[in-house]
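Trainee:
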Amino acid sequence: TTTAKPGQYLTFQLMNEFYGVPIGAVREINRVGEITPVPKTPDFVKGVMNLRGKIIPVINLRVKFGMNEEAYTRDTCIIVIDSQIGQVGMIVDAVKEVVDLLENQIEPSPALGNESGHQFVRGMGKADNRVIILVDVVSAFSAENMGQMASMASEEAAAA
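Quick note on numbering: the sequence shown equals residues 597 to 756 in the numbering used here.
1. Taking the straight line between their C-alpha atoms, what separation do you get for Ala723 and Leu697?
2. Pick helix, strand or coil for Val628, following the three-state DSSP scheme.
3. Would you list the residues sitting across from Glu703 in a DSSP beta bridge?
4. Using three-state DSSP, classify Ile681 as helix, strand or coil.
5. Along the chain, where does the alpha helix (DSSP H) containing Val733 start, and where does it finish?
6. For the candidate residues Ala600, Met720, Phe608 and Thr599, whose alpha-carbon lies nearest to that of Leu657?
7. Helix, strand or coil for Ala621 per DSSP?
8. Between the stretch 688-708 and the stretch 635-648, are three or more C-beta pairs nearer than 8 Å?
9. Is Ser712 buried or exposed, if buried means 16 or more other CB atoms sit within 10 Å of its CB?
10. Could you tell me the boundaries of the beta strand (DSSP E) in which Val644 lies?
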């Protein structure tokens, strides 16, 4: 697995943990709006949303990472990223801040046992006495992972 590179990361929260994604992958941050469920999608797929006339898939990152789904709060946001299949919205508990991580603040991901659950972890960032789990969400939504979602989103658009 590739290791996280130094640079700016948008940090967000899932449960009590902090995660970071490279700022370059982030398109925008939105409040949770209307999400249309799509039948026969994986449990982490909440559905699709209309983003200024474009239909994009929305996933619940808690569920994708094997956590329990929670009710949305006023801090719950959708981070829209550019992925291999186009834009994808990720529901997170809260967006925190942008941090600048230097090379000496990033460590490789430790061996954590069940590697399949950690395939998107690219490293551990250290900032302000807390650990930020650096994830490659772009590859989490690779074409093979999300191919069925992309085709469903386009079917939804055609039906609309």
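Every residue, glycine too, gets a C-beta built ideally from N, C-alpha and C. Everything numeric in this text was worked out from a predicted model, so none of it was measured.
Mentor: With the structure as the only source:
1. The residue labelled residue 723 in the question sits at position 127 within the sequence shown. The residue labelled residue 697 in the question sits at position 101 within the sequence shown. Roughly 8 Å separates the two Cα atoms.
2. Here residue 628 refers to the residue found at position 32 when the sequence shown is read from its first residue. Correct three-state label for Val628: coil.
3. Translated into positions along the sequence shown, residue 703 becomes position 107. Note: Glu703 sits in a beta bridge opposite Met720.
4. For the purposes of this step, residue 681 is identified with residue 85 of the sequence shown, where counting begins at 1. Coil at Ile681, not helix or strand.
5. The residue given as residue 733 occupies position 137 in the sequence shown. Element bounds for Val733: Val733 to Ala736.
6. Along the sequence shown, read from residue 1 onward, the residue named residue 657 stands at position 61. Per the Cα distances, Phe608.
7. Translated into the one-based positions of the sequence shown, residue 621 becomes position 25. In this structure, Ala621 counts as helix in the three-state DSSP scheme.
8. no
9. Indexing the sequence shown from 1 puts residue 712 at position 116. Its pLDDT being 49, under 50, Ser712 is placed unreliably by the model, and the measurement read from it follows with that caveat. Flag for Ser712 reads exposed.
10. Taking the sequence shown and counting its residues from 1, the one referred to as residue 644 is at position 48. Residues Val641 to Leu647.
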